[in-house]
Amino acid sequence: MPETRSRRLPIGGVEGWLLVVIALIVAYLSIATDTFLTLVNVFDILNYSAVNVIFAAGLLVVLIAGGIDISFAVGASVVQYLAVTALGRIGGGDWALGIALSLVLGACLGAINAALIYHFRIISIVVTIATFNLFFGLLMFFTGGVSIYDLPDWLSSRVVLYDVETDLGWAEITLPVLVMVVTVFATWLLLRRTSLGRQLFAMGDNTEGARRLGINLGAMHYLAYGWLGACAGLAGLMQAHYAREVVPNALYGRELEVLAAVVLGGARLGGGRGTLFGAILGLALVSITQNGLNLLGVSPYAFRMIIGFVILVAISLSGETIGLVASRLRGPKAAGSVR
Amino acid sequence: MNQFVATLLGHGPRHAGSSVAARSEIAGLLLVLAVLVLVLGATTGRFLSEATFTSIAFQLPELGLLTLAMLIPILSGGLNLAITFSANIAALVLAWILQAGGGADAGIALFLLGCLAAVLTGAFFGGVMGLVIAYTGAHPILVSLSMMIFLRGLGEFLTRGGDVSGFPSFVVAIGQGTVFGIPVPLLVFLACVAVWMLILNRSRLGFSIYMLGSNPEATRYSGVDTHRALTLVYVLSGVMCAIAGIVMLARFNSVRVGHGESYLLITVLACFLGRVDPFGGFGRVVPVVIALVILQVIGSGLNLLGTNQHLATALWGGILVLVMVVRALWARLEISSYLASRPRPGRR
Amino acid sequence: MSAEPQTAPDGRDLIRLEHVSKRFGGVQALDDVAFDVKPGEVLCLAGENGCGKSTLIKVISGVHKPETGAVMRFDGAPMDDLTPARARALGIQVIWQDLALFPEMSVAENIAFEKNLGARLRLVDYGAMRREAAAILDRLGVDIDLDAPVKSLSIARRQLVAIARALVAKARLVFMDEPTASLSRAETKALLRIVRRLSEADIAVVFVSHRLAEVLDVSSRVTVLRDGRLVGTYPTRGMTQTKLTELMTGRTFGQEVHAPRTRSGTPVLAVEGLTRAGEYRDVSLAVMPGEIVGLIGRLGAGRTELALSLFGMTRPDAGTIRLEGRPLRMGSNRDAIAAGIGYVSEDRLSLGLVQPQSIGDNTVVTVLDRLVDDFGLLSPKKRRDLVADWIDRLKVKIGHPDDPVSTLSGGNQQRIVLAKWMATGPKLLILDSPTVGVDVGARAGIFEIVRELAAGGVAILLISDETPEVYFNADRIWHMRDGRLIEEFVPAETTLAAVEEAVHA
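Protein chains in written order, with full-length UniProt numbering: chain A, 1 to 339; chain B, 1 to 348; chain C, 1 to 505.
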C-alpha cells in the first residue's frame with residue numbers, strides 16, 4: 001500500500017478555498033459598490049455576525065463529537081426569554097448575573113438533548129427535531145408570541161467598545177464582538193488545548209476506539225451538547241442586546257444558516273473533523289454574500305436561494321467527495337480508509 | 001379482496017422477527033387508536049361526530065402523502081428534510097400553468113398538464129438530491145437540508161412571500177369534493193398508499209431499498225445497482241411531495257411557500273411511531289398509515305379541546321421524544337428477553 | 001520503565017488464570033481455560049478463528065467478565081472486578097487487530113493519547129506529547145512523521161503507532177492481536193526486534209495469531225486453544241507450523257491431495273498481463289472448467305485486489321480478462337455477475353451478507369430478475385420456492401427464512417453466501433477466505449459444497465490465508481507476493497511443508 005505523503009500546510013484545503021472565494025467576492029463587491037469596503041459596513045457585518053459566530057463555535061463542538069443539533073437557535077430564544085424575565089423579577093441584575101444565567105440555562109437545555117441522545121440511543125437529528133418543536137412550541141405558547149421591549153438598562157443600552165467617525169457616520173464595534181472573540185477563544189481552548197476537548201475529537205473520530213480507551217462517552221455527550229447550549233444561551237443574550245428587544249421567534253430559522261455555514265467550513269457530519277477557522281470562514285462567506293447582495297440591491301428573498309445553492313454545490317464538489325467519486329471510479333479498495 | 005390485499009402485502013414481514021410479531025405490531029397500533037378514540041369521545045362530547053371524521057378524512061391526505069415521501073428515504077437509511085418545500089415548489093409550477101392558461105378559466109386539460117409538470121418538478125429536485133447523495137456520498141441530512149434552504153429561497157424569491165391563487169372552480173371541487181361520500185384527497189392518498197405498498201413489497205426497487213437501507217456496500221456486492229436505487233428513492237420522494245403539493249393547492253385553493261412547514265416533524269413522528277427503523281432497512285407502509293391516523297386523531301382532539309396551536313407544536317415534539325424513548329426501552333426489553341430465551345452466538 | 005522495582009522473581013507468574021469460562025447466550029466461548037505468562041516472556045497464543053483467543057484477551061483486559069469460578073491473579077494479587085481502565089492501570093495493554101486508532105489525529109497525539117485521558121480538565125501539552133511519542137518511536141527504532149495524521153499512514157505504520165501507544169503507558173503485559181497479518185517480511189523482522197527489546201525490558205508480550213511460523217523463534221512457549229478449550233501449552237523448541245496446525249485444528253492432515261486431472265478445452269477464466277497500479281502487476285493465470293485454483297500469499301499481497309478486479313469492482317490499468325475465450329470488459333460487478341462470475345467476500349459481516357436482513361432476502365438478492373411474475377413484480381411464491389430449494393440443497397440449518405441472517409452461525413451464513421452465488425448459475429466462483437469465522441467442524445462441509453460445484457464444471461478461484469485448506473482442496477496453487485504471481489505449486493507433486501515454507505519464508 002503506497003503511503004500518501006502528508007501535506008504541510010498551515011491551513012487545510014477547505015479553509016484555503018474559502019479564503020480564495022471570500023477574497024474574490026470582497027474584491028468584486030469593493031469594485032461594484034462604494035459602500036462595501038467602508039468601516040461602517042465592515043463593522044456592521046462584524047456586529048451582526050457576532051451572534052452567529054457564537055452559535056457556530058458551539059455547533060462545531062457538537063459536530064466534532066459526531067452529533068448534530070438543530071434546536072440550539074430556538075433554545076437561545078428560550079434562554080433569552082427566561083433570563084430576561086427572571087432578571088426582571090429580581091430587579092434587573094447586571095451583566096455578570098445575566099451572562100451566568102444564560103450560560104447555565106443554555107447548558108441545561110443542551111443537557112436535555114444529550115440525555116435523550118446518549119441514554120436512549122436516539123439519533124441526534126431526530127432528538128433535536130423533537131426538542132426544536134418542543135422548545136419553540138412551549139416558548140410561543142407561554143409568551144403568546146408577545147415580545148419583551150422593556151429590557152433592563154444594562155442590557156438595552158449599546159456598549160460601544162471602539163468607535164471612529166467616518167464620512168458615512170460613526171463606525172462602531174459593540175459588545176457582542178468582544179463576547180464572540182472570548183467564546184471563540186474559549187472554544188479553541190477546549191477543542192485544541194484541553195484533555196476533554198481531545199477526548200471529544202477522539203469520540204467523533206473513532207467511537208469504538210474511544211470506548212476501548214475508557215473515555216466516558218456519556219460525559220462527552222453532556223459536554224458537547226452542554227457547550228453548544230451554553231454558547232447558544234450567550235448568543236441569545238447578545239442578540240437581545242443587539243436588537244434591544246426579545247422577540248420569541250427572532251432566531252427561528254437561524255440554526256440552518258449557521259449549520260450550513262459550519263459545514264461549508266469543512267466540519268464533517270459524523271465527527272472527528274472541523275476547525276474553528278473554517279467555521280468562521282464559512283460564516284464570513286455567508287455574511288459577506290448576504291451583505292453584498294443587500295448592497296447590490298438584490299431581493300432579500302434571493303439570498304436563501306443563493307446560499308442553499310452554494311451549499312448544495314459545495315457539498316457536491318468538496319475535495320472529499322471528489323476524492324470519493326474518483327476512488328469509486330477506481331474502485332473501493334483504492335481509498336485506504338481506516339475504519 | 002383478500003387476494004388484492006395479499007398482493008399488496010407481498011412477501012414476509014419487514015421487521016426482524018416472524019409474521020406474528022408484525023401482526024401484533026399492527027394490532028398494538030390499532031389498540032392505541034381505539035383507546036384514543038374512546039378517551040377523546042368520552043372527554044369531549046363532540047369528538048364522535050361526523051364533522052370530526054370528515055375533517056380528519058380531509059386533513060389526513062396531505063400529511064399522509066408527505067409522510068409517504070419521508071418514508072422511503074428513511075427506509076433507505078437517509079432522510080429528506082426538503083419534503084414540504086418540494087411540495088410547495090411543485091404546487092407553484094401547477095399554479096403558474098393554471099394562471100398562464102387563463103386563471104379561473106383554465107380547462108381541465110391544462111390542469112392535468114400542470115399536474116404532470118408539478119410531478120416532473122418534484123421528480124427533478126428529488127433526482128438532484130438523489131444523484132448527489134448516491135454518487136458523491138454526501139450525507140442525506142446535509143443534502144436535503146441545503147435543498148430545503150434552496151427551495152424555500154427559490155419559492156420566496158418567486159412569490160415574494162405572498163399567496164398565489166385564482167384557480168378554476170373545479171380545482172376546489174377536487175380538493176374539497178367527495179366521490180361516493182369519500183373525500184377526493186383521501187382517495188388520492190389511498191391510491192398512493194397502494195402504489196407505495198406495491199413498490200416496497202413487490203418490486204425489485206423496493207427489495208433493493210430495504211437491503212441498501214441496512215448495508216449499501218453488501219447490497220452493491222450482491223449485484224444491485226445501489227446508486228440507481230438510491231437516486232430513485234429521492235425521485236419517488238419528490239414525486240410524492242409533488243402530489244402532496246397538488247392536493248394542498250386544491251384544498252386551500254392557493255399556494256403559499258412555507259405552507260405545511262410544520263408537517264415535517266409530524267411526518268418523521270408518524271414514521272417512527274409506525275415502527276420504521278431510524279437507521280433504515282426496516283419499516284412497512286401499513287403501520288405507518290395507522291400511526292398517521294393516530295396522530296391525526298390526536299391533532300383533531302387537540303383542536304376540539306381548543307388547544308393552542310403552539311402548544312400543539314410542543315406536544316408533537318414531546319410525543320416524538322416519548323415515542324423514541326419508549327421504543328428504546330422496548331428494544332432493551334426485547335433484547336434481554338431474546339438473549340434469555342434463545343442461544344445466540346457472540347460476535348467475534 | 002525498564003526496571004520495574006516490583007518485578008516478580010524468575011519463576012513467578014506475571015499473570016495466572018485458572019478455570020476461566022465465558023458464555024455468550026448458548027455459545028461456550030471459553031470453557032475452563034488456564035493461562036499464564038511469566039514476566040518478560042514472549043508467548044504465543046494460537047488457535048483458529050473463533051477458538052476463543054479474542055474472548056480470552058477481552059476477559060484479561062476487562063472488556064468481558066468471566067463466569068463465576070474463575071481465578072485470575074496478576075503479579076500474585078487477585079484481579080477481580082476488572083474494567084478496561086483498571087486493566088490498563090495494572091499495565092495490561094492490548095493492540096487490537098483493528099488498532100482502534102484515531103485516523104484524523106496526528107501520530108504524536110495517537111501515541112501519547114493516554115495523557116489526554118481522565119475526567120479531569122487539563123491543558124494539553126503538545127510539546128510533552130511529541131517528546132514522549134518521539135522517545136517511544138526512538139526506542140522502537142522506527143522513524144514516523146510525528147505530525148502526519150494517522151489516516152495518511154500505511155497499515156504497517158499504523159501498526160507501529162498502535163504498538164507505540166501501548167508502550168507509552170507503563171506496560172507490563174502487551175497483547176498483540178494478529179500483528180503480522182499485514183506486514184511485509186522486513187516489517188515483521190523489525191517488529192520481532194522490537195519484541196525482543198521489550199522482553200529484555202521485562203515487558204511480557206503475547207502474540208495472538210493463527211500463523212506463527214515467523215514468531216516461533218522469538219517466543220518461548222505457545223498456548224493453543226481450540227473451540228474455547230485449552231489444548232495445552234508447549235515449548236516452542238521443536239515446534240513446527242505443521243504440528244501447530246494439527247494442534248489448532250485437531251486434525252492430522254493425512255488427507256488425500258487431489259490427483260492433478262488434466263483438463264482440456266477453453267479455460268473459463270484466462271487473465272493476461274493484468275495490472276493495476278499499487279495493487280497487482282502483470283498477473284497471468286487460467287482456470288479450466290471444474291478446476292480449483294488456489295491463490296495464497298500474505299495479507300496485502302494483492303490477492304483480494306485481484307479478485308475485486310475479476311469481479312468488476314475495480315478496473316485494471318492494463319491487461320485482458322477472458323471468460324470462456326471472450327474478452328470481458330466490466331463497468332461494474334453487475335457485468336461480472338451477468339457474465340457468470342460470483343464473488344464470496346472475505347468480509348462476510350459487512351460485504352458478504354446484509355446481516356440484519358432476512359435469510360430469504362439474502363439468498364435471492366442476486367437473482368431478483370428471475371423472481372418476477374408476468375407484471376414485472378416480485379412473486380412471493382417464486383421467492384419462497386427458491387429459498388426453500390437452496391436451504392434444502394445446501395443443508396442450511398435455519399429457524400425461519402424470515403429470521404435475520406445474523407442469527408445464523410458462521411458456517412450456515414457462509415452456506416447462504418454460497419447459495420446466493422450458486423443461484424446465479426456461475427461459471428467462475430471466486431472464494432475469498434471462505435472459512436473465516438467458520439467453526440472448524442463446519443469447514444469441511446463448506447469445502448464439500450465447493451468440490452461438488454467444481455465437479456459440476458464450475459471454475460473455482462480459492463483465495464485463503466490457511467495454506468493447508470488450499471493445499472488439500474486445490475488442483476493448482478499460485479503464490480502471490482507484492483502484487484505478482486511468483487510461483488506455482490501442484491499439491492500432488494509437493495508437500496504441505498514446502499508450500500508453507502515458501503509462503504512464510
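C-beta atoms are modelled at their ideal positions from N, C-alpha and C, and glycine is treated no differently.
This structure is a prediction, so every number in the text was calculated from the model and none was measured.
Asked	Found
Bridge partners - A/TYR301, DSSP secondary structure assignment	Answer is none; A/TYR301 lacks a bridge partner.
The beta strand (DSSP E) enclosing C/CYS44, as first and last residue numbers	42-46
6 Å Cβ shell around A/GLY106 - same chain, five flanking residues per side excluded	VAL79, GLY229, ALA230, ALA232 and GLY233
Chain B contact for A/ASN294 (CB, 8 Å cutoff)	no
Contact the segment 115-129 of chain C vs the segment 193-202 of chain A: 3+ CB pairs below 8 Å	yes
Check: B/ARG23 C-beta below 7 Å from any heavy atom of the ligand ZN	As presented, the structure is devoid of all ligands, the ligand ZN included, so that no description of it is given.
Rounded separation between C/LEU123 and C/MET129 - CA only	12 Å
Member of A/ALA261, A/GLY278 and A/THR275 whose CA lies at the smallest distance from the CA of A/ILE306	A/ALA261
Alpha-carbon spacing of B/LEU302 relative to B/THR231, whole angstroms	38 Å
Test item: CB-CB of A/MET180 and A/ILE288 under 8 Å	no
Assumed close pair A/PHE43, A/ALA250 - CB separation to whole angstroms, cut-off 8 Å	A/PHE43 to A/ALA250, Cβ: 22 Å. No contact.
Given 8 Å, three or more beta-carbon pairs between the segment 79-90 of chain C and the segment 54-66 of chain C	yes
Coarse secondary structure for A/GLN80, derived from DSSP in three states	helix
Residue-level contact to chain A via CB, B/LEU154, 8 Å cutoff	yes
A/ARG89 burial status per 10 Å Cβ neighbour count (16 or more: buried)	exposed
Residues bridged to C/VAL417 (per DSSP)	Partner(s): none; C/VAL417 has no beta bridge.
Beta-carbon neighbours of A/GLU208, restricted to chain C and to distances below 9 Å	ASP98 and ALA100
Proximity to B/GLN176 [Cα-Cα], best of B/ASN253, B/ASN88 and B/GLY317	B/ASN253
8 Å Cβ cut-off: residues of chain C touching A/PHE277	Per Cβ cutoff of 8 Å: no residues; A/PHE277 is ~16 Å from chain C at best.
First through last residue of the alpha helix (DSSP H) which encompasses A/TYR28	13-32
Identity of the residues DSSP links to C/GLN93 by a beta bridge	C/VAL174
In DSSP terms, what A/TRP170 is bridged to	A/GLU165
Simplified DSSP state of C/ASP32, which is helix, strand or coil	strand
CB contact check: A/ARG273 to chain C, cutoff 8 Å	yes
Neighbour flag for A/GLY331 against chain C, beta carbons, 8 Å	Its pLDDT being 44, under 50, A/GLY331 is placed unreliably in this model, and the value from its coordinates should be taken loosely. Taking Cβ atoms only, chain C reaches closer than 8 Å to A/GLY331, which makes this a yes.
Bridge-paired residues (DSSP) for C/GLU272	C/THR320
Three-way DSSP call (helix, strand, coil) for C/THR366 in this model	helix
Residue-level contact to chain B via CB, C/GLY232, 8 Å cutoff	no
DSSP three-state assignment for C/ARG197, whether helix, strand or coil	helix
Alpha carbon of B/HIS15 to alpha carbon of B/ALA27, nearest angstrom	Its pLDDT being 41, under 50, B/HIS15 is placed unreliably in this model, and the coordinates cannot settle the point.
C-beta neighbour in chain C for B/PHE272, strict 8 Å	no
C/ARG193 burial status per 10 Å Cβ neighbour count (16 or more: buried)	exposed
Chain B contact for C/LYS151 (CB, 8 Å cutoff)	no
C/ILE296 versus C/ALA29: straight-line alpha-carbon distance, rounded	29 Å
Range of the contiguous beta strand (DSSP E) that encloses C/PHE74	71-74
Residues near C/VAL271 by beta carbon distance below 8 Å, same chain, minus five either side	VAL283, SER284, LEU285, ALA286, LEU310, GLY319, THR320, ILE321 and ARG322
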